[in-house]
Structure formats: structure tokens, C-alpha cells
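A.B. asks: First the structure, then my questions, so here it is.
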Amino acid sequence: MIDVAKIDYWAASGSGPLHRASVISKTLFLLLVVAAAVAAKDPYPLASGYVVLMLSAAGAGLPWRRMSLISLYSATFALLYGISLRGGPAMYAVMVLKAITPAFAMLTLIVSTPYPKIFSFLSTVLPEILAAGLFMTYRTFFILLDMMDNFVAAIRLRGGFSPGRLLQNIKNISQGIAMLLVKAVERATRLYGVMAVRGYSGSMAEAGTGGFRRDDWLPLGSGALVLFLVLVWR
Amino acid sequence: MTHIHIPDGILPVPLWALGFVLLFIALGLSLFRLRAMDMRKKIPLLGAVSAVMLVAMSLEILPIAYHINLSVVAGILLGPALGFVAAFIANLVLSLMGHGGITVIGLNTVLLGSEALLGHTLFYLLRGRMQIFWRAFLVTVVSLFLVTLLLIGMVAVSDLDPGYFTHEAEQGHAFKGHISIATFATLALSLGSIGWLIEAAITGSVLKFIAQVKPELLSHVLHSRNKAGGLS
Amino acid sequence: MSDEGKGRVPDFPTAMDSLVTVSCLKHIYPDTTEIHICGLDFVVKRGERVVVLGGNGSGKTTLLFHILGLLEPNEGRVTVFGVNPAKKYNTVRERIGVLLQNVEEQILSPTVWDDVSFSPRNYGYDREKTRRMVEAVMTEMGILHLRDKICHYLSGGEKRKVALAGALVMRPELLILDEPFEGLDSRSRSELVALLNKRNRDGMTIIMSTHDLNLVGGFADRVYVLAKGRGVVTAGTPSEIFLQAEALRTSNIDPPILTELFLKLRERGVAVDIPTRFDQAVNDLVRLAKD
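Protein chains in written order, with the numbering used here: chain A, 1180 to 1413; chain B, 172 to 403; chain C, 69 to 359.
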């Protein structure tokens, strides 16, 4: 999994046009690029679309090189899947581009938008339990990641991981996971109790996105351009 | 674990669209079933278990980047309805973290949710028949095996043809591609069986620990039915 | 008598007779926070009781995590028992015991017995030897009666004892403790200090981090003081450190009340030594009263 803490940091600390753009426009941008990936049958327009995305990320001050590297992770699975298929280089190129282009678009969204804002937007379309569940999961996830790191460190320091002793290692990591689960449930219950005392009545954050903004031209424009290239360049 | 790592744009539209249809139906049924349950208790539990699933998915158990997903644990602790919701939340968050495509959220939730549902059902069917570790172990192996078959079926039904992605067929070139479903099935079952055993061992150990330390989590006392459905 | 307020450089152990050496390390965290621990080299000799003193954010835990091999420095050098712990911790881990600041994240097993026996079982000790080791340390810690209890439901103090027992069960040559006195009442603190001193007399080397200077006098052979952004600002014996009030204040550490009192007496022309322990201070005051 990618370094979520790093993503969170980038999303919260930037101030370029993509950071200022509305969540709804960036979500539409993502859907446009996914549509382009679904419709693409040729590597060249999609490759051009990938370049458009990189240029717009670079222009907006996002860490486009790191994003590009992270997007290549999805190419691995596209290539692995290709083992089951028989086809030529063009087919492999299309598959890889179909993987990395929407991945880059997703990264553009999450690197320029803090997760609470994304969840606020989603809460306008999701039932209350799903929206609240998303927020609780997000709040708890980072705390548990640190906790699990500490459990893993403690297991390692106390001799719980040894090369070549798979069963023992699995047993010990299971204990760490189980302890994590117990603490996660208690922590979440306490957190919910605090929320109740503070008047929680079903809304974890301000729902909605506040509508479109002036900077929305960049995500909407680049997403539309990628789809246009795929549909027109044949 | 059974999780489609296929990125966006690979699977045919009808297949992943069907995944979303199945997702909406299953989520709808789950939410309907949950409507009378105590909100105060189910949301923290849901958030906690979903978060632990995500943490587990981030742990590299073996150097080949294999990771567990604790879907059977989620099903056993949360019940089938809330377990399915947890599967959806985990998949949505994974997708939002850049791990996996958006279009496969539906299919992945159906797979993960099926593991939770099967795990819960089989675990409680076998209640009292064997020690908790072995009960959980067996249930996990069976659940993951069945869902892997479902996954293979999905891939077979997808009827992928490489010519679908290129212009060669349209231009009349003699391009013929075909899916080697046998290859995919062999890979999925052989490599998958190693994963089933690892996940089963971990699931068994985790539930054995829970049974010892916090046994109330296994008896669903947190799912007390409450007509109010809100805070009192 | 050392010069008051000035950092007199004490006789440091050489690398040849040291268990732990840390020289000018720099670590960059993923969120780009940088920690520099430079200034004086950090060296711990076999059999010493070393306290790392510093305020919040001074780098105490970062230093200890580098010694434990949990972090690898971007610059600088760390050796423990002669090896780089980040690369070869497995070769020395049986010789090191650890008590982390948050004991909740160190206790891994369902019952107290399971947790204390964690290390011997994982190092492959047979059942009988494990039983003897665990019973010995639990008796020493006074927690044998807790053997079948579920760790999760113990009190904070009991959990800390269990975690410490888990760290001591292997009779380590080096014990590392990160803020071990947090949350302990005064009686529990005294018991812990007495236990650590006893183990030290048996040959165990101890490195402990704290921000409470009051705990140092009756325990440390040597003190290293860290300050945020400045690394090791001074080092020496407790009595040498107590005299450096300004250095301590810049590290966000208040000198002990007794030290402040006796420094004021010296300013007023009273010839007194600066005590490091309460009983020493009482004796000095009685002597002054009689004079």
C-alpha cells in the first residue's frame, strides 16, 4: 500500500490551483479519465492523456514525479494479468496505460484533497451509516497504523520474528493483529461516546462541497481533454 | 485473499457494471437489515473492524507482497450485514488510497463481502463442534476457496479478447487472441491455496485470542436490536 | 568542584570499552521533520547507568530507537555491542531488554504468563527452562500471582510490571527504558529504581530516558542532556549536571528544587556542596544549622 500518511500530508499542505479546486470538479475529472481508460483501444491517445495529466499536476505544484512512480504500481498488476492473455506489444501497452492513467488521476484527487473533504462530498450521496463508517474508519486507521507499527517493533525487539520460522512469525503477527482489534474496538467505542457527549446526531462533518469554483477549469479541462483524445484520435 | 487487482479499463463494462448492480442490491439488503440496530454501537464497531482490515491489508506477510484481508474475521465479529458494509468501506477506502481501480469496487466488494458472509454462516453452523482455532481455520479455507471459484467464474464470464483493445481486428489483420482461463484458474487456485492457509492460520489465532480476551465480541451482544435506531 | 553553569567535559569512556556509541546522528522522518543529535558523542560503558534527559521533542526517544535499530540514521553512526543495530539487530537482540514508553503496545499476549514467556519461547528455550526463567522474574517483580490474568484488564501499574518482566526475563546485558516512570506513583517509582539498581549491581547496563531530573540523583552514573534542535548539550555525573542550571533550562528541564535552594545559598555566600539526593541535602542542612 502506498504511504497514506505522505498523501495526507501533501493534501493538507498544498495551495495550488488543484488544491483550490472543488471536490466535485476533481471527482468529475476522475470519472472522465476512468471513462477514457475504459473507452481506449489505442495506446497513443491514452499515452498523450497521461502526459496531459502529468503536465497539469506539475503546473499545479503537485509532486508529479512521485505520483508517476506510484501510478506505475498498478502497471505491475496489469502486466501480471497479461500472463493469462496472449497478445502483442500494442495490447500490453494499452493495458499498462489503462492501469496507470486512472491511477494517476486518482492520485491527483487524493494528493490535492484532504480525505475529510472527500468523505464530506461522499456523504451527500451515501446513507448515514456508510458516511459515518467512512469517517470513523479514516479516523481510526491512522491511529491503528501507528499502533501496529509499534506492535511489530515490540514483536521484533522481543525475538518474535526469525527468518525461516514462518509458523512462529505468523502466530506472533496474529497476536499483534488480535491485540490491535481489541484496542481498536475499545478506542472507537470511547470516541463515539465523546462524539455523543458533544451532540453527534448523524453528521460527522459538514456535508457537501460548496459548489463549483474558479479553479475548477484545470481538473475539468484536463479530464475532458483526455477523454477527447481517446474518442477522437483513432 | 480474493481481491481483483485488475485496474480500470480492463474488464468489459457489462461485467463491472453488474458488479455495481450486485453491490447496490447487497448493500441495500444489508442496510435494511441494520435499520433497527443500535447505531451507537454499530458505527464504532464498523469503523474499528474496517480500519483493522485496512491495516491488515497493508502488512506484507510474505516477501511476495501477499497480504491478508481479515474478511472472515469481519464477518464473524460483525455479522453478515455489517460485515458486508465493512467490506464496501474497506474497498472504497483502498480505491481512494490508490490501491485498485474504481470500476472494480463493486466486484471486489461482492468478493470480500461474500467471504464475510460465508465465514459468518459457516462459523456459526459449526458452533460447538470443534475448538475455536480449528473452526475458524476450516471456515476460512472453505470460504476463500469458494470465493476464489467465484472469482475464476467472473474472469471466465468476462470473455476477454485482446483484440477488444486494439484496432488490428477492425483493420482486418489476422490477429487472434484468446483467454487462457485454464492458466488463470491454475494460478489462482495454486497460489491462492497458500494464501488461504496463511489467512486461515491468522484468522484462527486472532479469534482464539479474542475468545480469551474479549469473548463478548463473538456473541454479538453489541448488535442488540433497538427500535430507536438513534441516540437516546 | 566543577565550575558552576559551565559544561565541564567529563572523562568519557572510549569506544574500546563501550557497549553503545552514537556519534552525531541525523534522522529525517517521513513528514520531513529532522532530528539532529550531535554535540557530544553518546557513549555507554558496560555496567553504567546512563540517563538521557531532555524535554519534549528533544530527541530522547529518537536516540533510543536508533540504539534499538528501529530507526536508521540518515547521517551518523550507531553501534551496539560492536554492530550496526539497524542492520544486525538479530545478532544482539537476546542481549537487550526493552521497556517502551507506551507499555500497552508492548504487551502482546492474552495472559501474563504468555506475555512474560514470549521471548524465551521465541528464542527456542525448552519448556522447563522457560518455566524457570519466567517464575524467577515474576517472583522478583512480585507478580507471580497474576500469572493467569488477562493482560488487557490489568491496571496501568500492573501492565508496566508485566512489560518490565518481559524485558528482564532473558537477563539482558543491556536494558533500555523509555520514560519508565510515567504514570507511576512515588512508591512504585521507588520500587522500580530499587529493582534496576539491584540488576545493575549484578552487571546489567542500563540506559533510561526521562524528563524528570528528580529521578536522576539516586540512580544515574552519567547523564546526557538533550535539547530540541541542539542534540547533546552537556553530559556528566548528576552532581555536575545539577550545577548547570542554565543548560538545563534551555533544554526545558527545571533544576531540582533542592538544587535551586542550595544554589541560592551559595549565591548568598554559604559554602555548601550541591546535593544530588534528599538525605544528602538533609545532612547538609543539619550541619549548617549546627554551625
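Note that beta-carbon positions come from the ideal geometry of N, C-alpha and C, so glycine has one too.
1. Give the residues of chain C in contact with Val244(B), contact being defined as C-beta atoms less than 9 angstroms apart.
2. Here's the rule I'm using: 16 or more other beta-carbon atoms within 10 Å means buried, otherwise exposed. How should Tyr1317(A) be labelled?
3. Would Met1358(A) and Leu176(C) qualify as a contact pair, given that the criterion is a beta-carbon distance under 7 angstroms?
4. Only counting the same chain, and skipping five residues up and downstream in sequence, which positions put a Cβ closer than 6 angstroms to that of Pro178(B)?
5. Consider the Cβ of Met325(B): report whether some Cβ of chain A lies at a distance smaller than 7 angstroms.
6. State yes or no: is the C-beta of Val1231(A) within less than 7 angstroms of the C-beta of Leu1404(A)?
7. Measuring only between beta-carbons, confirm whether Phe1330(A) sits less than 7 angstroms from chain C.
8. Between Ser223(C), Ser319(C), Asn170(C), which has its C-alpha nearest Ser126(C)'s C-alpha?
9. For the segment 190 to 218 of chain C, which residues have a CB atom closer than 8 angstroms to at least one CB atom of chain B, in sequence order?
10. Which one of Ala1254(A), Gly1338(A), Phe1330(A) has the shortest CA to CA distance from Val226(B)?
11. Pull up the DSSP beta-bridge partners for Thr179(C), would you.
12. For the 8 angstroms Cβ check, are there 3 or more pairs between the segment 1231 to 1248 of chain A and the segment 1321 to 1330 of chain A?
13. Identify which residue in Leu108(C), Glu196(C), His104(C) has its Cα closest to the Cα of Thr302(C).
14. Any beta-carbon of chain B closer than 7 angstroms to the one on Pro306(C)?
15. Going by alpha carbons, who is nearest to Val160(C) out of Lys94(C), Asp270(C), Val88(C)?
16. By the 10 Å Cβ neighbour count, where 16 or more other Cβ atoms means buried, how is His270(B) classified, buried or exposed?
17. Which whole runs of the alpha helix (DSSP H) in the segment 126 to 206 of chain C are 4 residues long or more, in chain order?
18. Counting only Cβ-Cβ distances shorter than 9 angstroms, please list the residues of the segment 165 to 181 of chain C near chain B, keeping chain order.
19. If you draw a straight line from the alpha carbon of Gln302(B) to that of Pro386(B), how long is it in whole angstroms?
20. Considering only the beta carbon of each residue, do Val377(B) and Val223(B) sit closer than 7 angstroms?
21. In the structure shown, what three-state DSSP assignment does Thr337(B) receive?
22. For a contact defined as C-beta to C-beta under 7 angstroms, what are the partners of Ala1333(A) on chain C?
23. I'd like the list of long-range same chain contacts for Val261(C), defined as Cβ closer than 8 angstroms, with 5 residues on each side in sequence excluded.
24. In the DSSP output, which residue or residues are listed as bridge partners for Val111(C)?
25. Going by C-alpha distance, which of Leu326(C), Asp280(C), Thr273(C), Glu162(C) is nearest Ser86(C)?
26. Which word fits Gly1193(A), buried or exposed, when buried means at least 16 other C-beta atoms lie within 10 angstroms of its C-beta?
27. Would you check if there are 3 or more beta carbon pairs closer than 8 angstroms linking the segment 186 to 194 of chain C to the segment 1335 to 1345 of chain A?
28. Taking the alpha carbon of Ser307(C) as the point to measure from, which residue in Met209(C), Glu162(C), Phe330(C), Gly297(C) has its own alpha carbon closest?
29. Look up His1198(A) in the DSSP assignment and say whether it is helix, strand or coil.
30. What are the residues in the segment 93 to 126 of chain C lying within 8 angstroms of chain B by C-beta distance?
31. Could you check whether Ala257(B) and Ser221(B) sit closer than 7 angstroms to each other, using their CB atoms as the reference points?
32. List, in chain order, every chain C residue whose beta-carbon is nearer than 8 angstroms to that of Gly1238(A).
33. Could you tell me which of His220(C), Leu136(C), Tyr193(C), Val180(C) sits nearest to Leu167(C), measuring between CA atoms?
34. At which residues does the beta strand (DSSP E) containing Arg1344(A) begin and terminate?
35. Establish whether the CB of Gln302(B) and some CB of chain C are separated by less than 7 angstroms.
36. Counting only Cβ pairs nearer than 8 angstroms, list the residues of chain B close to His220(C).
C.D. replies: Quick look at the numbers:
1. Locating residue 244(B) in the second sequence gives position 73, counting from the first residue. Near Val244(B) there are no residues of chain C at all, since even the closest Cβ is about 16 angstroms away, more than 9 angstroms.
2. Counting from one through the first sequence, the residue named residue 1317(A) turns up at place 138. So Tyr1317(A) counts as buried.
3. By one-based count along the first sequence, residue 1358(A) stands at place 179. By one-based count along the third sequence, residue 176(C) stands at place 108. Yes, they are a contact pair.
4. Locating residue 178(B) in the second sequence gives position 7, counting from the first residue. Within the same chain, Pro178(B) has close Cβ partners Gly272.
5. What you label residue 325(B) is simply residue 154 of the second sequence in a count that begins at 1. With 7 angstroms as the cut-off, Met325(B) does not count as an interface residue toward chain A.
6. For the purposes of this step, residue 1231(A) is taken as residue 52 along the first sequence, with counting starting at 1. For the purposes of this step, residue 1404(A) is taken as residue 225 along the first sequence, with counting starting at 1. Yes, Cβ-Cβ distance for Val1231(A) and Leu1404(A) is below 7 angstroms.
7. Within the first sequence, residue 1330(A) is the residue found at index 151, counting from 1. Closer than 7 angstroms: yes.
8. What you label residue 126(C) is simply residue 58 of the third sequence in a count that begins at 1. Cα-wise, what sits closest to Ser126(C) is Ser319(C).
9. Ile218
10. Looking up residue 226(B) in the second sequence gives position 55. Among Ala1254(A), Gly1338(A), Phe1330(A), the Cα nearest to that of Val226(B) belongs to Phe1330(A).
11. Residue 179(C) sits at position 111 when you count from the first residue of the third sequence. Its beta-bridge partners are Ile218(C).
12. no
13. The count along the third sequence starts at 1 and reaches residue 302(C) at position 234. Checked all of Leu108(C), Glu196(C), His104(C); the closest Cα to Thr302(C) is Leu108(C).
14. Working through the third sequence from its first residue, we reach residue 306(C) at position 238. With 7 angstroms as the cut-off, Pro306(C) does not count as an interface residue toward chain B.
15. The count along the third sequence starts at 1 and reaches residue 160(C) at position 92. Here the closest residue by C-alpha is Val88(C).
16. Here residue 270(B) refers to the residue found at position 99 when the second sequence is read from its first residue. Buried: at least 16 other Cβ atoms inside 10 Å.
17. 128 to 135, 153 to 156, 180 to 184, 186 to 190
18. Ser177, Pro178, Thr179
19. The residue you call residue 302(B) lines up with position 131 of the second sequence. The residue you call residue 386(B) lines up with position 215 of the second sequence. Those two C-alpha atoms are separated by around 14 angstroms.
20. Position 206 of the second sequence, counting from 1, holds the residue named residue 377(B). Position 52 of the second sequence, counting from 1, holds the residue named residue 223(B). Taking 7 angstroms as the Cβ cut-off, Val377(B) and Val223(B) do not qualify as a contacting pair.
21. Looking up residue 337(B) in the second sequence gives position 166. Summary for Thr337(B): the model assigns pLDDT 38, below 50, so the residue's position carries little reliability, and this model does not support an answer.
22. Residue numbering aside, residue 1333(A) sits at position 154 when the first sequence is read from its first letter. Chain C residues near Ala1333(A): Leu168, Glu173, Gln174, Leu176.
23. Locating residue 261(C) in the third sequence gives position 193, where the first residue counts as 1. Same-chain partners within the cutoff: Leu283, Gly286, Phe287.
24. Looking up residue 111(C) in the third sequence gives position 43. Bridge partners of Val111(C): Thr89(C).
25. Here residue 86(C) corresponds to residue number 18 of the third sequence, with the count starting at 1. Among Leu326(C), Asp280(C), Thr273(C), Glu162(C), the Cα nearest to that of Ser86(C) is on Thr273(C).
26. As a position in the first sequence, residue 1193(A) is number 14, starting the count at 1. With 16 or more other Cβ atoms within 10 Å, it is buried.
27. yes
28. As a working note, residue 307(C) is residue 239 in the third sequence. Comparing Cα positions, the closest option is Phe330(C).
29. Taking the first sequence and counting its residues from 1, the one referred to as residue 1198(A) is at position 19. Helix.
30. none
31. Here the question's residue 221(B) lines up with position 50 in the second sequence. Here the question's residue 257(B) lines up with position 86 in the second sequence. Cβ atoms of Ser221(B) and Ala257(B): closer than 7 angstroms.
32. In the first sequence, counting from the first residue as 1, residue 1238(A) sits at position 59. Result: empty, since nearest Cβ-Cβ is about 23 angstroms, beyond 8 angstroms.
33. Residue numbering aside, residue 167(C) sits at position 99 when the third sequence is read from its first letter. If we check each option's Cα against that of Leu167(C), Leu136(C) comes out closest.
34. Here residue 1344(A) is taken as the residue at index 165 of the first sequence, counted from 1. Looking at the DSSP string, Arg1344(A) is not in any beta strand (DSSP E), and its letter there is neither H nor E.
35. Indexing the second sequence from 1 puts residue 302(B) at position 131. Closer than 7 angstroms: no.
36. The count along the third sequence starts at 1 and reaches residue 220(C) at position 152. In chain order: Val384, Lys385.
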